[in-house]
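Sequential numbering of the sequence shown, starting at 1, is according to UniProt numbering. No residue lacks a Cβ here, since even glycine has one placed at the ideal position from N, Cα and C.
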Amino acid sequence: RLYHFIVTDDIIELRNELESFFNRAEWPVNAILDPKDTNPQRYAILAVLTALMCRAFNRLIEKVCRGMHRL
Numbered sequence: 001r002l003y004h005f006i007v008t009d010d011i012i013e014l015r016n017e018l019e020s021f022f023n024r025a026e027w028p029v030n031a032i033l034d035p036k037d038t039n040p041q042r043y044a045i046l047a048v049l050t051a052l053m054c055r056a057f058n059r060l061i062e063k064v065c066r067g068m069h070r071l
């Protein structure tokens, strides 16, 4: 679904889906299976998307941890 939202430029749904994914502890990014897509362009987008999710989620977690440290 994330790929579809990127291709159709549906930024709102993409954001909502990423937020939902982030808030589901039982869905770790490292458990995302290799899609083994035969389309090289789509496969590249899926790979980059997963890498960007890791960076973004780690940044959000660090931000929360810094905020908790100040308490």
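Notebook entry, point to check: Between which two residues does the alpha helix (DSSP H) containing L2 stretch?
Noted result: Working through the sequence shown from its first residue, we reach residue 2 at position 2. Element bounds for L2: L2 to V7.
Margin query: Does L46 pass the burial test, meaning 16 or more other C-beta atoms within 10 Å, or should it be called exposed?
Written below: One-based indexing of the sequence shown puts residue 46 at position 46. Classification for L46: buried.
Next item on the list: Locate the alpha helix (DSSP H) running through R15, then write down its first and last residues.
Entry: Taking the sequence shown and counting its residues from 1, one reaches residue 15 at position 15. I11 to F22 is the span of the alpha helix (DSSP H), which, as asked, contains R15.
Margin query: By alpha-carbon positions, which one of Q41, N23, L2 and A44 ends up nearest to N58?
Written below: Locating residue 58 in the sequence shown gives position 58, counting from the first residue. Nearest C-alpha to N58: N23.
Note to self: I need the DSSP call for E62, collapsed to helix, strand or coil.
What the structure shows: Position 62 of the sequence shown, counted from the first residue, corresponds to residue 62. Of the three classes helix, strand and coil, the one that applies to E62 here is helix, per DSSP.
Margin query: Check whether the region 10-19 and the region 33-45 touch, using three or more Cβ-Cβ pairs below 8 Å as the test.
Written below: no
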